[in-house]
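S.K.:
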Amino acid sequence: MKRVVRSLLCLFSIVVAALAPLGSAHASSGVLRFGVAAEPYPPFLMKSPTGQWSGFEADLIRALCDQMKAKCEIKEVAWDGIIPALLSDKIDVIFNSMSITPERQKVIAFSRPYYETPGTFVGAKNAKLTLTPDGLKGKVIGVQGSTANAEFIKMAYGKSATVRLYNTQDDCNADLVAGRIDTMYLDQLGILDFLKSKDGSTFELKGPGSVKMDPAIFGYGVGAGMRKADAPLKQQMDQALEQLHASGKYAQIAKKYFPIDLWPH
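Shown next as structure tokens:
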């Protein structure tokens with residue numbers, strides 16, 4: 000009997016969650032606000048001069064909103080203030096290549112991962128780099144600040160190499176082209192467009208390096224960040240992501256931008 004009651008209570012809670020609003024702010028405004036960094040991060044998120052968002056994550060946001068039958072908008076937030084913006088109800092969802100890490104999970108909730116990508120060093124094609132802490136001794140490594148990549152590089156290579164932090168990936172790319180840094184570290188998929196460009200044509204992927212990626216820093220893929228109190232929203236976000244993957248819509252979107260499968264397995 001207890002099992003029957005528990006099952007009924009569980010079913011009731013699922014039904015209530017499915018009927019609940021998509022978030023505290025969404026309940027009053029009717030609009031689900033997706034927060035993204037103002038800085039471009041091609042091919043994930045780019046903004047045209049006319050204010051139109053494009054890229055993998057922009058397309059995925061639109062598909063999610065269609066799947067959830069929700070009215071949505073994309074709001075710009077400074078990357079280093081994106082979690083405070085979520086917690087202060089300025090946005091409802093962080094959807095900007097944010098890694099799911101134990102530290103972040105103490106503060107916010109995450110959807111199931113919607114993509115994962117390995118990190119890599121990038122350097123000049125004619126540069127011979129030994130990607131070990133000793134091999135990079137005396138070198139200057141560029142990395143975007145306030146990211147899991149930055150924490151990893153400081154921890155793994157910071158004692159032997161100089162780690163230079165940048166506000167945006169574009170700034171880091173520019174210093175690599177100008178020769179002010181020897182190499183840079185970032186998500187492999189985030190650099191493909193740069194390598195195809197004129198400025199990036201003399202550079203190449205150098206590999207992940209000898210130090211293994213630490214799950215305590217990188218977490219377990221990239222997910223959508225939400226307030227812990229917005230459990231119904233998390234449930235619907237998870238369900239919508241799974242439905243997009245099952246229907247083939249996710250793969251259709253990803254194929255526009257990437258040559259490999261991004262879905263976490």
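The sequence shown begins at 0 in numbering that gives the first Met the number 0 and counts up by one.
Quick reminder that beta carbons are idealized off the backbone N, C-alpha and C, glycines included.
Because the structure is a prediction, the values reported are computed rather than measured.
#1: If you measure between the beta carbons of Gln251 and Met67, is that distance less than 8 Å?
#2: Which residue marks the beginning of the alpha helix (DSSP H) containing Met67, and which one marks its end?
#3: Classify Glu115 as buried or exposed, calling it buried when 16 or more other Cβ atoms lie within 10 Å of its own Cβ.
#4: Is the region 145 to 153 close to the region 170 to 182, with three or more CB pairs under 8 Å?
#5: Nearest to Ser223 by CA position, among Asp186, Thr201, Leu204, Arg103, is which residue?
#6: Going by DSSP, what residue range makes up the beta strand (DSSP E) through Leu204?
#7: If you follow the beta strand (DSSP E) that Met183 is part of, which residue opens it and which one closes it?
#8: Can you give me the C-alpha to C-alpha distance between Leu243 and Ala62, rounded to a whole angstrom?
#9: Between which residues of its own chain and Gly122 is the CB-CB distance below 6 Å, once the five residues before and five after are set aside?
#10: Considering Phe217, what are the terminal residues of the beta strand (DSSP E) in which it resides?
#11: Among residues of its own chain, excluding the 5 on either side of Leu85, which ones have a beta-carbon nearer than 7 Å to its beta-carbon?
#12: Could you have a look at Pro20 and say whether DSSP puts it in helix, strand or coil?
M.R.: In this structure, then:
#1: Taking 8 Å as the Cβ cut-off, Gln251 and Met67 do not qualify as a contacting pair.
#2: That run of the alpha helix (DSSP H) goes 55 to 67.
#3: The residue in question, Glu115, is buried, as its Cβ has 16 or more Cβ neighbours within 10 Å.
#4: Not touching, per the Cβ criterion.
#5: Per the sequence presented here, residue 223 reads as Ala, with Ser not at that position. Checked all of Asp186, Thr201, Leu204, Arg103; the closest Cα to Ala223 is Arg103.
#6: Counting along the chain, the beta strand (DSSP E) containing Leu204 begins and ends at 202 to 206.
#7: Segment 182 to 186, the beta strand (DSSP E) holding Met183.
#8: Between the alpha carbons of Leu243 and Ala62 lies a gap of roughly 8 Å.
#9: In the same chain as Gly122, and ignoring 5 residues on each side of it, the C-beta atoms closer than 6 Å to its own belong to Leu128, Thr182, Lys205, in chain order.
#10: Phe217 -> not in any beta strand (DSSP E); alpha helix (DSSP H) instead, spanning 214 to 217.
#11: Counting only Cβ-Cβ distances below 7 Å, and skipping sequence neighbours, we find Gly34, Ile93, Ile107, Gly224, Arg226.
#12: Model confidence at Pro20 stands at a pLDDT of 48, short of 50, so the residue's coordinates are unreliable; what they give is reported in the following sentence. Here Pro20 sits in coil by DSSP.
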